[in-house]
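**Student:**
Residue numbers (my numbering): 3 to 317.
#1: Taking the DSSP output, what are the residues bridged to residue 165?
#2: Can you give me the Cβ contacts of residue 194 inside the same chain, cut-off strictly under 8 Å, excluding the 5 residues immediately before and after it?
#3: Closest to residue 271 by C-alpha separation, out of 126, 295, 104 and 306, would be which residue?
#4: Looking at the strands, I want to know which residues DSSP matches up with residue 238.
#5: DSSP state of residue 68, grouped into three classes?
#6: What is the DSSP secondary structure of residue 309, reduced to helix, strand or coil?
#7: In whole angstroms, give me the CA-to-CA distance for residue 143 and residue 132.
#8: With 16 other CB atoms within 10 Å as the buried threshold, where does residue 160 fall?
#9: Confirm, please, whether the CB-CB distance from residue 196 to residue 70 is below 8 Å.
#10: Tell me the residue span of the alpha helix (DSSP H) that contains residue 58.
#11: Would you kindly work out how many angstroms separate the C-alpha atoms of residue 93 and residue 84, rounded to a whole number?
#12: Taking the alpha helix (DSSP H) that residue 267 belongs to, which residues open and close that run?
#13: Distance check for residue 136 and residue 26, CA to CA, integer angstroms please.
#14: For residue 189 versus residue 182, is the C-beta distance shorter than 8 Å?
#15: When we look at the beta-carbon of residue 186 and count the other beta-carbons within 10 Å, is it buried (16 or more) or exposed?
#16: Using a threshold of 8 Å, state whether the C-beta atoms of residue 79 and residue 232 are closer than that.
#17: For the alpha helix (DSSP H) containing residue 262, list its first residue and its last residue.
#18: Return yes when the Cβ of residue 224 is within less than 8 Å of the Cβ of residue 86, no when it is not.
#19: Out of 283, 259 and 35, point me to the one whose CA is closest to residue 308's CA.
#20: Quick one: what's got a C-beta closer than 6 Å to residue 140's C-beta in the same chain, skipping five residues either side?
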């Protein structure tokens with residue numbers, strides 16, 4: 003019994019143990035890794051992926067899956083950038099932010115309604131949306147758009163107390179969703195729906211509304227990731243966010259969020275983000291080939307699936 007308890011504690015906290023091990027290893031073997039400036043850099047560069055991991059985690063906890071987040075990231079800022087830079091139609095940066103978030107919310111709502119009302123499998127639905135939105139981006143934005151308003155790009159480029167604003171946004175969102183998931187009726191409904199939709203419905207939970215809400219939240223967080231990326235790049239391209247959805251899935255699962263649904267926390271998702279950020283940073287500092295870094299990221303997706311399968315077998 004005691005052995006099983008210890009095993010469960012280790013499995014639940016495996017992500018934090020990995021982080022501690024990486025910090026020790028990085029300090030011992032990689033010059034320049036364990037310094038304040040570099041650790042802040044890891045947080046800064048993790049902010050975009052962090053939003054996507056949180057978006058994916060909310061969907062996974064509800065028992066769903068959202069593959070469209072990387073295209074939602076790109077399409078939301080793409081539409082806003084067209085509105086802001088098209089001559090007499092140009093709107094201010096603040097209106098651009100509102101348009102970006104609204105587009106993200108609408109995409110999430112469309113995903114949720116189609117999954118719930120039309121009974122389309124979330125994998126197929128969100129995969130189709132991913133492809134559709136990417137195609138629209140290639141058509142609408144054939145070239146990079148520069149000259150974005152300063153009050154639009156400040157989210158990704160501004161600083162507070164010498165620290166990049168995206169770090170505060172990143173940490174703030176995880177803090178907010180930790181509170182929502184742990185302490186609110188919606189959070190409890192999300193876990194119940196992810197654990198068993200039928201059982202949740204039987205006890206009076208409006209499971210359809212919960213599922214749609216999880217996709218809306220995912221779209222909202224993806225649009226925030228787009229705002230940060232556009233601010234960092236000071237531009238919008240049709241390739242923004244490409245390939246990030248699988249890293250977002252890997253981050254969520256490595257942290258402890260289950261593909262099965264009903265399992266995981268915001269802190270565990272945060273843990274997964276930091277692990278991916280640290281690995282990326284270590285490879286760059288060690289001067290690994292960019293192609294090898296890409297291969298390692300692909301391997302991490304496989305590792306995440308194996309970890310989730312192992313957790314499910316022993317639970």
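Where a beta carbon is used, it is the ideal one built from N, C-alpha and C, also for glycine.
Note that the coordinates shown come from a computational prediction; the quantities given were computed from them, not determined experimentally.
**Tutor:** According to the structure shown:
#1: In DSSP, residue 165 forms a bridge with 162.
#2: 201, 202, 205, 207 and 264
#3: 306
#4: 147
#5: coil
#6: helix
#7: 16 Å
#8: exposed
#9: No, they are not a contact pair.
#10: 38-63
#11: 9 Å
#12: Note, residue 267: premise wrong, no alpha helix (DSSP H); not H, not E.
#13: 41 Å
#14: In contact: residue 189 and residue 182 (Cβ atoms closer than 8 Å).
#15: Under a 10 Å Cβ-count criterion, residue 186 is classified as exposed, with fewer than 16 other Cβ atoms of the shown protein chains found around its own Cβ.
#16: yes
#17: Premise fails: residue 262 is in no alpha helix (DSSP H) and is neither H nor E.
#18: At a Cβ-Cβ threshold of 8 Å, residue 86 and residue 224 do not count as neighbours.
#19: 259
#20: 240
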